[in-house]
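Undergrad: Shown below is the structure under consideration.
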């Protein structure tokens, strides 16, 4: 039995389909009132037999912060894929993010060790890696450095990954993947999938920053490969390529039939924007669309290398242009023009 946490999210739902298409039995953890719409959509898009395969998933209600929930969940497990995480750059969510990402991972690691060392694949992030002091690509060898520039999300993912390394030191067979920004047909109102909505609505602005991107299907494939080959005690960057934000938004705009962004946002403009929106959010009791952390992230220029993963597994990534085109097609199907 293959187990998945975070199965109702972008990565978890796509991994679940890949495992199901391979004929593997899957047990997935979800909260009592989890939204299943994304899971249903992903199965419709990619499953060989959507209705039958989705009905074959064994669901267990539980929460990573509740250690009692692991008893039923881990019974008979052969492998565990840990995809559950809170992704947020809003200060108000730091407590929940640390609780789920760090304490939840610690609970899972402890339960796996207690159950007799069930193999684990942990979904970390490039956010948990160190920075490059030059323009060179960031690799698995770039170690974390404490800095005021680290986002709260980065801190939570770094601490979460440390719990897995702690488990490895105690004898756990575990491997770690560090995806870059994951592109996929997720919830169009949150996460990286919301970028397609912003461009569709006529995004006019871009920053000079850059980062790595990868198709969610490749993330799922990479996870299955590193577990199949038992690369325990290792971590792998999963990134198909690097793009500037202007390149990304322009490609999205072209595929969606919209005008590309033309107004460059300078550092001082980004600084002014998050401060103004923070004040507005305080008085309106709403979360600002731009925070200090998202403003800083959008201005940073970083590139990432997946050479280690490619050499180890032979994976061929979906080109980013094709990935963006595929996702835009799904987005337009979900947003028919009236």
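Numbering (my numbering), first residue to last: 443 to 780. Each residue gets a CB set at the ideal place from its N, CA and C atoms; glycine is no exception.
1. Is it buried or exposed for residue 585, if we count other Cβ within 10 angstroms and need 16 for buried?
2. Taking the beta strand (DSSP E) that residue 472 falls in, what are its first and last residues?
3. Would you grab the beta carbon distance between residue 460 and residue 666 for me? Rounded to a whole angstrom, and I think it's under 8 Å.
4. Between residue 570 and residue 545, what straight-line distance do the alpha-carbon atoms span, to the nearest angstrom?
5. Assuming residue 652 is part of the beta strand (DSSP E), what are its boundary residues?
6. For residue 819, which of 559, 563, 500 and 475 has the nearest alpha-carbon?
7. Decide yes or no for the touch test of the stretch 494–509 against the stretch 455–474: beta carbon pairs closer than 8 Å, at least 3 of them.
8. Three or more C-beta pairs closer than 8 Å, one from the stretch 746–759 and one from the stretch 679–691: is that the case here?
9. What are the start and end residues of the alpha helix (DSSP H) that includes residue 759?
10. Under the assumption that residue 529 contacts residue 595 (Cβ atoms under 8 Å), give the Cβ distance between them as a whole number of angstroms.
11. Measuring alpha carbon to alpha carbon, tell me which residue in 705, 770 and 664 is nearest residue 814.
12. Once DSSP output is grouped into helix, strand and coil, what is the label at residue 455?
13. Leaving out five residues before and five after residue 638 in sequence, what residues of the same chain have Cβ atoms less than 8 Å from its Cβ?
14. Assuming residue 648 contacts residue 687 under a Cβ cut-off of 8 Å, what Cβ separation, rounded to an integer in Å, is found between them?
15. Does the beta-carbon distance from residue 597 to residue 624 come in below 8 Å?
16. At a cut of 8 Å, does the stretch 509–528 reach the stretch 447–459 through at least three beta carbon pairs?
17. Once DSSP output is grouped into helix, strand and coil, what is the label at residue 601?
18. Using the beta-carbon count (16 or more within 10 Å), is residue 538 buried or exposed?
TA: According to the data block:
1. exposed
2. 468–472
3. 6 Å
4. 16 Å
5. 652–657
6. A query on residue 819 cannot be resolved here, the shown segment of the chain reaching from 443 to 780 and no further.
7. yes
8. yes
9. Segment: none, residue 759 is in no alpha helix (DSSP H) and carries neither H nor E.
10. 6 Å
11. Because the chain spans 443 through 780 in this model, residue 814 falls outside it and cannot be assessed.
12. helix
13. 630, 694, 698, 769, 770 and 773
14. 5 Å
15. no
16. yes
17. helix
18. exposed
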